[in-house]
Amino acid sequence: MTERLTATTAPYTIGIPPFRPGEEADFGGAFKEQPGDLWRPDPVACTSDDTTPHARGLLRVLNDKGEAKGEWDPKLESSELIQGLEYMMKLRIFDDRMIKMQRTGKLSFYMRSFGEEAVAIA
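With my numbering, letter number 27 in the sequence shown gets 29, and the count goes up by one each step, no holes.
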């Protein structure tokens, strides 16, 4: 019983946030990684060792101006990008409907793709 009483007497440490709501956020400046730093491996011939830097690093496709650069640029036309955006918006609507059905008991299980629409559309 005495262990439990003395276990919580140590002072608690509360972290200090780097910025507060309403203040301007500082995330440390520009990324040191640039588009094209990590190569695009061949999906058929690559090994797990070939993709280790991709799993541990930051893969950038967009530069600081928001333009796609490097091997990862799919070079899509504007019409294709707009169509992809439309599909992502439709998926978000579909997700909302399916979650409502799950919550009302009309559907037993549904895994939401919120925030990952681009992965499903690609």
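Just so it is clear, CB atoms sit at the ideal spot from N, CA and C, and this is done for glycine as well.
For this session: May I have the straight-line CA-CA distance separating L64 from P76, to the nearest angstrom?
Result: Near 11 angstroms, if we compare the C-alpha coordinates of P76 and L64.
Exercise. In angstroms, rounded to a whole number, what distance separates the CA positions of P43 and D52?
Worked result: Their Cα atoms are separated by approximately 7 angstroms.
Exercise. Helix, strand or coil: which one does DSSP assign to A27?
Worked result: Of the three classes helix, strand and coil, the one that applies to A27 here is coil, per DSSP.
Problem set entry | Every unbroken beta strand (DSSP E) inside the segment 28–76 [3 residues or more] | Whole beta strand (DSSP E) segments, 3+ residues: zero.
For this session: With DSSP collapsed to three states, give me the class of G117.
Result: DSSP places G117 in coil when its eight states are reduced to three.
Exercise. Taking just the CA atoms, how far does A120 sit from F29?
Worked result: When rounded, the distance between both Cα atoms is 25 angstroms.
Problem set entry | DSSP three-state assignment for S110, whether helix, strand or coil | Correct three-state label for S110: coil.
For this session: Could you tell me the distance, in whole angstroms, from the CA atom of D66 to the CA atom of G107?
Result: C-alpha separation (whole angstroms): 46 angstroms.
Problem set entry | Cβ-based neighbour list, G86, same chain, cut-off 7 angstroms, excluding 5 preceding and 5 following | Within the same chain, G86 has close Cβ partners I123.
Problem set entry | Assumed close pair P20, G72 - CB separation to whole angstroms, cut-off 8 angstroms | That pair is no contact at about 30 angstroms.
Exercise. With 16 as the cutoff for other CB atoms within 10 Å, does L40 come out buried or exposed?
Worked result: In summary, L40 is buried, with 16 or more beta-carbon neighbours lying within 10 Å of its beta-carbon over all protein chains present.
For this session: Please report how far the alpha carbon of G24 lies from the alpha carbon of I16, in whole angstroms.
Result: Rounded to whole angstroms, G24 to I16 spans 21 angstroms at the Cα level.
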